[in-house]
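Structure first, commentary second.
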Amino acid sequence: MHEELGRVVSTHAAQVVEGAFRENGSSGGMGSWLAVEFLRAGLADAVVHVGAITGAQAGETLFEYAISRSERDVLSRSKSRYYPITLTQVLAEVRTTEGRYVFVGIPCVLKALRLVAMKDEVIRSRIALCIGLVCGHLKTRRFAELLAWQMGVPPQELLAFDFRHKLPGAQANQYGVAATQAPAAGGSTQSVISPVRELFGYDWGLGFFKPKPCDFCDDVVAELADVTIGDAWLPQYVKDSKGTNVVIVRNPVVRTLVERAAVEGRLALDALSAADVVKSQASGFSHRREGLAYRLWMTRKRGEWAPRKRVEPAAFEHDRSFRRKHELRAAVARESHRAFAEARDAGQLRIFFKRMTPLVEQYRDLNRTLARRVAARLRRWFHAASGK
Ligand SMILES: Cc1cc2nc3c(=O)[nH]c(=O)nc-3n(C[C@H](O)[C@H](O)[C@H](O)COP(=O)(O)OP(=O)(O)OC[C@H]3O[C@@H](n4cnc5c(N)ncnc54)[C@H](O)[C@@H]3O)c2cc1C
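If you count by the working numbering, then the sequence shown holds residues 1031 to 1418, one letter each, in order.
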């Protein structure tokens, strides 16, 4: 048992070579490939994962859990959705429709599934394998709406959103996003693409639109999955815009499939040490180990209930900057929900910028020298004075 990664059979960096998995995927394409390979190997009959809602109306819910039964259907639901989802409806279908299912999910969803399976014999017998996604945190649907709005697509006109649009020539972690706008009467749909780094709120460290439970989670790498995949944003892989996965194999059956496919030239598979996998998720681990310990301490100090986690509450009394960083992250998450609701109601995006910029700047100041802090303030003052 690895302290950070949980149960481990082998760890790798991987890219899918065959088919369009990598091209269509968020990263190296392993998410969809593994699901398809489990179907091909007869280990499962169907895949439970997240895709766009067919016929979604502009401004309404865009993504949901769905069941794919063919390779084509699995591929059509590739890519990450940083969007709230629930297993509730799809689990009802799994209960009534015999078969063996592959479940794809973020850590909390797979934990919920395993808990249901402990009590529910039918569900337990229908889980063939679980593919876990490494998770920084989930987002509310306002994340997609904020990014799209900055690209000229207001929330009520947002018809589709691609959270991971690969930009040829850019580093894998400097991907784009694409927003599709509902057509005006008689017109056709329009899609706008932007590098995500040019948009306010993209920085995952800040935690815009993070649901509160994520701040009490201590599972970064879906420890209850049979195999977990994430982004290999390590120096040796990040330059390749087409994307590379980190893979944590936890089940020997999966290891056999993956290694056989590598020998057959269908996967490009490198051995990657567990330490490198941890390094690829360094900020996630620090937020959910030391950061979590401090959040538990803060919560209990306020006299509020906090769950028991694998780390004990800790005050970090002598590290003011660390404490401030985590206080600001919590404040950003909290304020982002309120500020966006206000901006949306008023139909004015600038309300959101105005409410959030001071907090973001305080956060950025933590890593700025005094000279840079002064320069940043002057820049902001100049922008405000010139009305830009
Ligand atoms: C909320 C969230 C946070 C993440 N945070 C991190 C992180 O901090 N670090 C990191 O390395 N990776 C993170 N990932 C994983 C990363 O975005 C990629 O999903 C992963 O690298 C797989 O890429 P791929 O090309 O192999 O998958 P693809 O071939 O694109 O397949 C992705 C599969 O995941 C399914 N899927 C997409 N979104 C969801 C969802 N919300 N719930 C369940 N299934 C879904 C799709 O239906 C598809 O089957 C996160 C993913 C999510 C959804």
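Glycine included, C-beta positions come from ideal geometry on N, C-alpha and C.
Residue pairing by DSSP places Leu-1188 opposite Gln-1211 in a beta bridge. According to the DSSP assignment, Gly-1321 belongs to no beta strand (DSSP E) but to the alpha helix (DSSP H) extending over 1320-1331.
In the DSSP annotation of this structure, the continuous segment of the beta strand (DSSP E) that includes Pro-1225 starts and ends at 1220-1225. The C-alpha of Tyr-1205 lies about 42 Å from the C-alpha of Glu-1151. Put simply, of Ser-1056, Glu-1048 and Ser-1057 the residue whose alpha carbon is nearest the alpha carbon of Val-1066 is Glu-1048.
Between Gly-1055 and Ser-1108, the CB-CB gap stays under 8 Å. In this model, Gly-1333 and Ala-1344 are separated by some 15 Å (Cα to Cα). Between ligand 1 and the CB of Tyr-1232, the shortest heavy atom gap is not smaller than 7 Å. Not one heavy atom of ligand 1 lies closer than 7 Å to the C-beta of His-1032.
Annotated three-state conformation of Gln-1266 is coil, per DSSP.
Less than 8 Å divides the Cβ of Phe-1193 from the Cβ of Tyr-1112. A straight line joining the alpha-carbon of Trp-1234 with that of Pro-1114 spans about 16 Å. Look at Gln-1311: its beta carbon is less than 7 Å from one of the heavy atoms in ligand 1. The C-alpha of Val-1038 lies about 48 Å from the C-alpha of Asp-1375. Minimum Cα-Cα distance from Val-1183 among the listed residues Gln-1378, Gln-1311, Leu-1396 and Val-1390 corresponds to Gln-1378. Gln-1204 sits in coil when the DSSP states are folded into three classes, being neither helix nor strand. Here DSSP, grouped into helix, strand and coil, assigns His-1032 to strand.
Of all C-beta pairs linking the segment 1270-1277 to the segment 1065-1084, fewer than three are shorter than 8 Å, placing the two stretches out of contact. The alpha-carbon separation between Asp-1248 and Trp-1335 amounts to approximately 17 Å.
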